[in-house]
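This report refers to the structure that appears directly beneath it.
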Amino acid sequence: MLELMGENLTPNLKVWFGDVEAETMFRCEESMLCVVPDISAFRSGWQWVRGPTQVPISLVRSDGVIYATRLTFTYTPEPGPRPHCPQAQEVLQRGGGSSNAVNPMGLGYDNQHMHHQQQPQQHHQPM
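So the sequence shown is numbered by full-length UniProt numbering: it starts at 1 and just counts up by one.
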């Protein structure tokens with residue numbers, strides 16, 4: 001959500017990001033909320049933000065009058081999916097190659113028994 005603050009805002013205004021209309025909620029003459037469109041609306045094929053992308057924000061009245069603003073919205077990169085690691089894929093595809101594997105919760109298992117893996121305790125002393 002993005003909040004726009006201004007003056008003389010009306011319920012018949014919609015927020016646009018570039019050429020994409022955003023779901024807009026009028027709050028009062030000084031405030032509007034809108035849902036920020038997904039990056040894929042501006043960058044075809046992108047499911048996550050790969051690089052900074054800036055789009056202009058404008059207000060469009062229900063009769064089509066466009067109010068340009070000096071505002072822009074910048075999509076900033078977030079951690080996204082990492083490229084696949086061939087070695088990890090190999091291990092996962094082998095399946096039963098190891099008799100004692102460890103799952104992410106620290107529970108070890110083999111084909112017949114489950115047992116808890118002890119993790120070393122770390123003690124920190126106050127400074």
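Cβ coordinates follow ideal geometry from the N, Cα and C atoms, glycine included.
Keep in mind that this is a model prediction, so the values were computed, not measured.
For secondary structure counted as the beta strand (DSSP E) over 3 or more consecutive residues, the UniProt domain "RBP-Jkappa IPT" (1 to 75) holds these complete runs in sequence order: 2 to 5, 13 to 17, 24 to 28, 31 to 34, 53 to 61 and 66 to 75. Just so you know, the alpha carbons of E3 and D19 end up roughly 19 Å apart.
By the criterion of a C-beta distance shorter than 7 Å, V49 is surrounded in its chain by I39, Y75, T76, P77 and E78, once the five residues flanking it on both sides are discounted. Counting C-beta atoms within 10 angstroms of its own C-beta, V55 has 16 or more neighbours from the protein chains shown and is therefore classed as buried.
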